[in-house]
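Protein sequence lines correspond, in order, to chains A and B. Heads up, the final residue of the first sequence is numbered 182 in this note's numbering, and it's a clean run with no missing numbers. Heads up, the final residue of the second sequence is numbered 117 in this note's numbering, and it's a clean run with no missing numbers. Here the structure comes first, spelled out in structure tokens, and everything after it is commentary.
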Amino acid sequence: KAGVTQTPRYLIKTRGQQVTLSCSPISGHRSVSWYQQTPGQGLQFLFEYFSETQRNKGNFPGRFSGRQFSNSRSEMNVSTLELGDSALYLCASSQSSYEQYFGPGTRLTVT
Amino acid sequence: ELKVEQNPLFLSMQEGKNYTIYCNYSTTSDRLYWYRQDPGKSLESLFVLLSNGAVKQEGRLMASLDTKARLSTLHITAAVHDLSATYFCAVLGANAGNMLTFGGGTRLMVKP
Chain A
72 KAGVTQTPRY LIKTRGQQVT LSCSPISGHR SVSWYQQTPG QGLQFLFEYF
122 SETQRNKGNF PGRFSGRQFS NSRSEMNVST LELGDSALYL CASSQSSYEQ
172 YFGPGTRLTV T
Chain B
6 ELKVEQNPLF LSMQEGKNYT IYCNYSTTSD RLYWYRQDPG KSLESLFVLL
56 SNGAVKQEGR LMASLDTKAR LSTLHITAAV HDLSATYFCA VLGANAGNML
106 TFGGGTRLMV KP
């Protein structure tokens, strides 16, 4: 089975711009979760989508949004980028709550 | 609110030595995970612990869970350089879907 894929792997954006990140889960997995990793805040949960519905949401401003498509692929959007949004964004794919498989991540740099 | 604390945050040890990383969490949890992260890389799943008293071992790593104490440990036996990485514990709260709350991580450096 192919693993979790994330695109793009690296991204450089300017403050004020918006960005869309993509995550393709493992085939058959219906849950996709997104996490932000920064040196200062560590790993923080953004949101989880299950069967195209947002099931959980972390404590992030409304500039962070997401969606999931019928094929379980998920996108995350960040509008009006700030310097503090520079981070490694990880998505995790799950078939049940037993195991979560993480993708390689998208490293976003905001200048 | 679920809080997860790991200690130590940084661990430098000699090859061949044993050590334990601790993970405390604040509320009832359905399960606990241990992950490894190499610099610039993603998270690699090491263990999933489901119930009180659960113990799992893989090579030089052994993880255990005490749900009554809300404590998990990751024990390293006879460390080797290849174990150098950052280790995270993560807790799945009750009724939280797949939302994981992570500890701050333990950066492990194993010196020859």
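Here a beta-carbon is modelled for each residue, glycine too, at the ideal position from N, C-alpha and C. Just so it is clear, the structure is predicted and the values come from calculations on it, not from any experiment.
Report the three-state DSSP secondary structure of Asp43(B) (helix, strand or coil).
Here Asp43(B) sits in coil by DSSP.
Smallest Cα separation from Tyr38(B): which of Ala84(B), Gly98(B) and Glu6(B)?
Nearest of Ala84(B), Gly98(B) and Glu6(B) to Tyr38(B), Cα basis: Gly98(B).
Any chain B beta carbon closer than 8 Å to Gly111(A)
No, Gly111(A) lies away from the interface with chain B (no Cβ there is under 8 Å from its Cβ).
Have a look at Leu88(B) and Glu10(B) and give me their C-alpha separation to the nearest angstrom.
The alpha-carbon atoms of Leu88(B) and Glu10(B) are separated by roughly 21 Å.
Examine chain B for any beta-carbon lying closer than 8 Å to the beta-carbon of Gln166(A), and answer yes or no.
Not one chain B Cβ lies under 8 Å of Gln166(A).
Residue-chain proximity (Gly137(A), chain B), Cβ-Cβ < 8 Å:
Judged by the 8 Å Cβ criterion, Gly137(A) is not in contact with chain B.
Looking at Arg101(A) and Phe121(A), is the spacing between their C-beta atoms short of 8 Å?
In this structure, Arg101(A) lies closer than 8 Å to Phe121(A) by Cβ.
How would you write the range of the beta strand (DSSP E) that Tyr81(A) sits in, first residue to last?
Segment Tyr81 to Lys84, the beta strand (DSSP E) holding Tyr81(A).
Expressed to the nearest angstrom, what Euclidean distance is found between the alpha-carbon atoms of Ala158(A) and Thr78(B)?
One C-alpha to the other measures close to 28 Å.
Counting only C-beta atoms, is Leu92(A) closer than 8 Å to chain B at any point?
With 8 Å as the cut-off, Leu92(A) does not count as an interface residue toward chain B.
Compare the beta carbon distance of Arg41(B) and Leu51(B) with 8 Å and say whether it is the shorter of the two.
Taking the C-beta atoms as reference points, Leu51(B) is found nearer than 8 Å to Arg41(B).
Three-state class that DSSP yields for Leu159(A) in the structure shown:
Leu159(A) falls in the strand class under three-state DSSP.
Separation of Thr33(B) from Ser47(B), as counted between CA atoms
Between Ser47(B) and Thr33(B), the C-alpha separation is close to 27 Å.
Grab the span of the beta strand (DSSP E) containing Ile26(B) for me, first residue to last.
Run containing Ile26(B): Tyr24 to Tyr30, per the beta strand (DSSP E) assignment.
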